[in-house]
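Shown next, in structure tokens, is the structure this report addresses.
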DNA sequence: ACCTTTTCCGTTAACGACCACGGAAATTTA
DNA sequence: TAAATTTCCGTGGTCGTTAACGGAAAAGGT
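Residue numbers (this note's numbering), protein chains in the order written: chain A, 2 to 343; chain B, 2 to 343.
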């Protein structure tokens, strides 16, 4: 079905292309009557702007500000995905500018977000990790009509253009299923949380809740699952893990657990952790970790840019919710979830 | 970094844009000396064609011929992915034309592929399921300079633009890991193959090989794994499955196995199958199937079109190997691998 | 009635690539 | 040497959209 062009609309409406353009862009200076006529004809003719002509004329480079941390492999992988997309869309006018911040340092977040906004970007990719301050930044973006996409974490009230990430609660639920496979009454579980910044994380909480819900749904003894806040490795030399069969590590520190356990003791437990980072991969390979749930950080980064590309350049509708699959990584499918981008 | 335009090249070289254009398109009618000069300047200026200007001028709709089966939910889901991508890229000039064929009927494949090629498509998405005849079709496409992308199965010798699918061998290997979780010496396994057309499948064979390799790598007793060709449900009333702990169904028929077992007997086995089709999903939900390995058919379809879009319209490099993750689906992450596109 | 302001609309020149057309200069042929 | 080719190259129009600019007509002001 052929689309009508501005010129054709102009002819049908008996006006000039300038007028049609003013109507379609709501630039004013056109009588109500002609406006209605033009809109009617445009609709009937199935008008949609010609992406090629539009961008050729505008000849614009779209600046995307990327507001994420850069302090570990997970975020560096996100960055790689973003850079990959940016490169791919480079000659279509996409340009990514990074404003990496330090999660421990609120000032660094505020400073960088401020710098980012001052640059007047056309779109923003951000990780809304700062519970209180992120909404403020989003408010400023909304005010300036700058579309923004969340990666990793979501704050749906902030009304982002899209969210790219994972369902954390469900990932905990799935973890319980995997780890308890073959058991009829549930296995004794220690949830290991190192007492660093990650322990206050909202994501962490939801994963744990998901895990516990699995036991609840099966009427298994809730006492089987215990949370431990670990200060240092001396924890593991105590007798706390006696009788425990499962170690559930709801963040990327599973490799740390293996190391701190020492002396091949990790073979006594079923262990599941998060994020396919190198130290975890090593543990998967040598068999000390059984499962890793991967969040596909590279794909997240890639999709966040792709979403903004679609919005800004192609002006097409975008998926508001891009949930990454709960990707189960084991020693056996490691190579493939690694080599494959998707 | 700004890219040089044709006009700028012309100016620098002291020739007209027409000449530059002839050089860049190798249309001849230009002296060797000027040709070299133009190419040098183009290279130095980091020239690449402006996608917007190019497509505006050409104003072309690219016909993509899609040569796949349509006989089950898996392929219909592939089709949905393709349609989704086609719709998304519609106003960029992409148009998908379907030539669905019947896998049982060689004539239908030949007829449809012939029809497809006669339409002179700009690109082709195909499932090379016909071992002997697919290469012939590919040869014709190569002859006519029509790029083609394989989905689901690969024949790398045919030199496709890209392959979108899964690593079948590894998926079998992973299946063995999941099903034997918690066991130290391997569990007794029956591989169930219904004696229909699927049984001759190459994909099927590779999955089984992967499964067996897992036992081999662990020095488990190979006799633990037995293949059964099943004619009909009477098989299950015999005593063949006595002592068997695992049922590995290397295709999408796991639901059939559950049904044919009957009387809740499926609860006695650990069962894994392939493809997240509705009957399998139902079995996952009621707990009769433990794991499904999903091949992400919708994503496959989507990516195959996206690949051709990149090649034809954006003229960018494309990923030659797009391996889908070995997505493990359980009752617990079902909703999410369902609702999520990626 | 005349001047000023506002409202409304048409004209036009890009954006970069593409290619048909024609024509000058160089080369070959008669 | 003139005519006929061949080689090589420039011109100009087009794709659809955008937006600056200017101008006519209508409305308002004195």
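Note that the Cβ used here is the ideal one computed from N, Cα and C, for glycine as well.
Predicted, not measured: the structure shown is a model, and the values here were computed from it.
1. With distances taken between CB atoms, is the gap from residue 276 (chain A) to residue 297 (chain A) smaller than 8 Å?
2. How is the beta strand (DSSP E) around residue 229 (chain B) delimited, first residue to last?
3. From residue 96 (chain A) to residue 51 (chain A), what does the alpha carbon distance come to, in whole angstroms?
4. Report the three-state DSSP secondary structure of residue 9 (chain B) (helix, strand or coil).
5. Does the beta carbon of residue 36 (chain A) come closer than 8 Å to any beta carbon on chain B?
6. Measure the alpha-carbon distance for residue 19 (chain B) versus residue 6 (chain B) and round it to whole angstroms.
7. Go ahead and label residue 153 (chain A) buried or exposed: buried means 16 or more other beta carbons lie within 10 angstroms of its beta carbon, across all protein chains shown.
8. Sorted by chain position, which residues of the same chain lie with C-beta nearer than 8 Å to residue 103 (chain A)'s C-beta, five sequence neighbours on each side aside?
9. Alpha carbon to alpha carbon, what distance is there between residue 303 (chain A) and residue 341 (chain B)?
10. So residue 94 (chain A) packs on residue 314 (chain A), CB below 8 Å; how close in whole Å?
11. Counting only runs of 4+ residues fully inside the segment 222-283 of chain B, write out the alpha helix (DSSP H) ranges in chain order.
12. Are residue 156 (chain B) and residue 125 (chain B) close, meaning C-beta to C-beta below 8 Å?
13. For residue 150 (chain A), which beta-bridge partners are listed by DSSP?
14. Could you please tell me which residues of the segment 182-212 of chain A, in chain order, have their CB closer than 7 Å to any CB of chain B?
15. Consider the Cβ of residue 44 (chain A): report whether some Cβ of chain B lies at a distance smaller than 8 Å.
16. For the segment 69-89 of chain B, which residues have a CB atom closer than 7 Å to at least one CB atom of chain A, in sequence order?
17. Measuring only between beta-carbons, confirm whether residue 333 (chain B) sits less than 8 Å from chain A.
18. Near residue 231 (chain B), which residues of its chain fall below 7 Å by C-beta distance, leaving aside the five closest residues on each side in sequence?
19. From which residue to which residue does the beta strand (DSSP E) around residue 328 (chain A) run?
20. If residue 131 (chain B) and residue 162 (chain B) are in contact, beta carbons under 8 Å, what's the gap, nearest whole angstrom?
21. To the nearest angstrom, how far is the alpha carbon of residue 287 (chain A) from that of residue 172 (chain B)?
22. Give the DSSP-derived three-state secondary structure of residue 31 (chain B) in the structure shown.
23. Using a beta-carbon distance below 8 Å, is residue 171 (chain B) in contact with chain A?
24. Would you mind reading off the limits of the beta strand (DSSP E) that contains residue 170 (chain B)?
25. Quick one: give me the first and last residue of the alpha helix (DSSP H) that residue 96 (chain A) is part of.
26. If you run the structure through DSSP and keep just helix, strand and coil, what is residue 194 (chain A)?
27. So, under 8 Å CB-CB, residue 249 (chain A) and residue 176 (chain A) are touching, yes? Tell me the CB distance rounded to an integer number of Å.
28. So, helix, strand or coil for residue 3 (chain A), using DSSP?
29. Helix, strand or coil for residue 51 (chain B)? Go by DSSP, reduced to three states.
30. From the beta carbon of residue 317 (chain B), is the nearest beta carbon of chain A less than 8 Å away?
31. Return the chain-ordered list of same chain residues with a C-beta closer than 7 Å to the C-beta of residue 48 (chain A), the five sequence neighbours on each side being excluded.
32. What are the boundary residues of the alpha helix (DSSP H) that includes residue 18 (chain B)?
33. Which of the three DSSP states is assigned to residue 333 (chain B) in this structure?
34. Opposite residue 67 (chain B) in the DSSP bridges: which residues?
35. Name the two residues that bound the continuous beta strand (DSSP E) containing residue 295 (chain B).
On the basis of the supplied data:
1. Start at 1 with the first residue of the first chain, and residue 276 (chain A) comes out as number 275. Start at 1 with the first residue of the first chain, and residue 297 (chain A) comes out as number 296. Residue 297 (chain A) sits away from residue 276 (chain A), with the two beta carbons spaced by 8 Å or more.
2. Mapped onto the second chain, residue 229 (chain B) falls at position 228. For residue 229 (chain B), the enclosing beta strand (DSSP E) has its first and last residue at 226-231.
3. Here the question's residue 96 (chain A) lines up with position 95 in the first chain. Here the question's residue 51 (chain A) lines up with position 50 in the first chain. Between residue 96 (chain A) and residue 51 (chain A), the C-alpha separation is close to 22 Å.
4. As a position in the second chain, residue 9 (chain B) is number 8, starting the count at 1. Helix.
5. Numbered from 1 along the first chain, position 35 holds the residue referred to as residue 36 (chain A). Under the Cβ criterion of 8 Å, residue 36 (chain A) is not counted among the residues facing chain B.
6. Within the second chain, the letter at position 18 stands for residue 19 (chain B). Within the second chain, the letter at position 5 stands for residue 6 (chain B). Roughly 13 Å between the two C-alpha positions.
7. Here residue 153 (chain A) refers to the residue found at position 152 when the first chain is read from its first residue. By the C-beta density criterion, residue 153 (chain A) is buried, having at least 16 other C-beta atoms within 10 angstroms.
8. One-based indexing of the first chain puts residue 103 (chain A) at position 102. Cβ neighbours of residue 103 (chain A) beyond the five flanking positions: 70, 72, 109 and 110.
9. Here residue 341 (chain B) refers to the residue found at position 340 when the second chain is read from its first residue. Here residue 303 (chain A) refers to the residue found at position 302 when the first chain is read from its first residue. Confidence in residue 341 (chain B) is poor, its pLDDT being 48 and thus under 50, which makes the residue's placement unreliable; the coordinate value appears in the next sentence. Rounded to the nearest angstrom, the two C-alpha atoms are 16 Å apart.
10. As a position in the first chain, residue 94 (chain A) is number 93, starting the count at 1. As a position in the first chain, residue 314 (chain A) is number 313, starting the count at 1. Residue 94 (chain A) to residue 314 (chain A), Cβ: 6 Å. Contact.
11. The segment 222-283 of chain B contains these whole alpha helix (DSSP H) runs: 235-238 and 255-262.
12. Start at 1 with the first residue of the second chain, and residue 156 (chain B) comes out as number 155. Start at 1 with the first residue of the second chain, and residue 125 (chain B) comes out as number 124. Contact flag unset, no.
13. Numbered from 1 along the first chain, position 149 holds the residue referred to as residue 150 (chain A). BP columns for residue 150 (chain A) point to A:126 and A:163.
14. Within the segment 182-212 of chain A, the residues whose Cβ lies closer than 7 Å to some Cβ of chain B are 182 and 183, listed in chain order.
15. To locate residue 44 (chain A), count along the first chain from 1; it is residue 43. So no, residue 44 (chain A) is outside the interface.
16. For the segment 69-89 of chain B, residues whose beta-carbon sits nearer than 7 Å to a beta-carbon of chain A comprise 89.
17. Numbered from its first residue, the second chain carries residue 333 (chain B) at position 332. So yes, residue 333 (chain B) belongs to the interface.
18. By one-based count along the second chain, residue 231 (chain B) stands at place 230. Apart from sequence neighbours up to five positions away, the residues of its chain that approach residue 231 (chain B) with a beta-carbon distance below 7 Å are 193, 194, 195 and 196, ordered along the chain.
19. Translated into positions along the first chain, residue 328 (chain A) becomes position 327. Run containing residue 328 (chain A): 328-330, per the beta strand (DSSP E) assignment.
20. Here residue 131 (chain B) corresponds to residue number 130 of the second chain, with the count starting at 1. Here residue 162 (chain B) corresponds to residue number 161 of the second chain, with the count starting at 1. Between residue 131 (chain B) and residue 162 (chain B), the beta carbon gap of about 19 Å keeps them out of contact (Cβ cut-off 8 Å).
21. Position 286 of the first chain, counted from the start, is the residue given in the question as residue 287 (chain A). Position 171 of the second chain, counted from the start, is the residue given in the question as residue 172 (chain B). Cα-Cα distance, rounded: 20 Å.
22. To locate residue 31 (chain B), count along the second chain from 1; it is residue 30. Coil, per DSSP.
23. Position 170 of the second chain holds residue 171 (chain B). Yes, its Cβ sits closer than 8 Å to a Cβ of chain A.
24. As a working note, residue 170 (chain B) is residue 169 in the second chain. Residue 170 (chain B) -> not in any beta strand (DSSP E); alpha helix (DSSP H) instead, spanning 169-180.
25. Here residue 96 (chain A) refers to the residue found at position 95 when the first chain is read from its first residue. Segment 95-99 is the beta strand (DSSP E) holding residue 96 (chain A); no alpha helix (DSSP H) there.
26. Mapped onto the first chain, residue 194 (chain A) falls at position 193. Strand, per DSSP.
27. Along the first chain, read from residue 1 onward, the residue named residue 249 (chain A) stands at position 248. Along the first chain, read from residue 1 onward, the residue named residue 176 (chain A) stands at position 175. Correct: roughly 6 Å between the Cβ atoms.
28. Mapped onto the first chain, residue 3 (chain A) falls at position 2. In the structure shown, residue 3 (chain A) sits in coil (DSSP, three-state: anything other than H, G, I, E or B).
29. Residue mapping note: residue 51 (chain B) aligns to position 50 of the second chain, counting from 1. In this structure, residue 51 (chain B) counts as coil in the three-state DSSP scheme.
30. What you label residue 317 (chain B) is simply residue 316 of the second chain in a count that begins at 1. At least one beta carbon of chain A lies nearer than 8 Å to the beta carbon of residue 317 (chain B).
31. Within the first chain, numbered from 1, the residue matching residue 48 (chain A) stands at position 47. Closer than 7 Å at the Cβ level, and outside the excluded window around residue 48 (chain A), lie 4, 5 and 10.
32. What you label residue 18 (chain B) is simply residue 17 of the second chain in a count that begins at 1. Its alpha helix (DSSP H) spans residues 18-25.
33. Looking up residue 333 (chain B) in the second chain gives position 332. Under the three-state reduction of DSSP output, residue 333 (chain B) falls in the coil class, being neither helix nor strand.
34. Here residue 67 (chain B) is taken as the residue at index 66 of the second chain, counted from 1. For residue 67 (chain B), DSSP records a beta bridge to B:99 and B:126.
35. In the second chain, residue 295 (chain B) corresponds to position 294, counting from 1. Going by DSSP, residue 295 (chain B) is part of the beta strand (DSSP E) stretching over 292-295.
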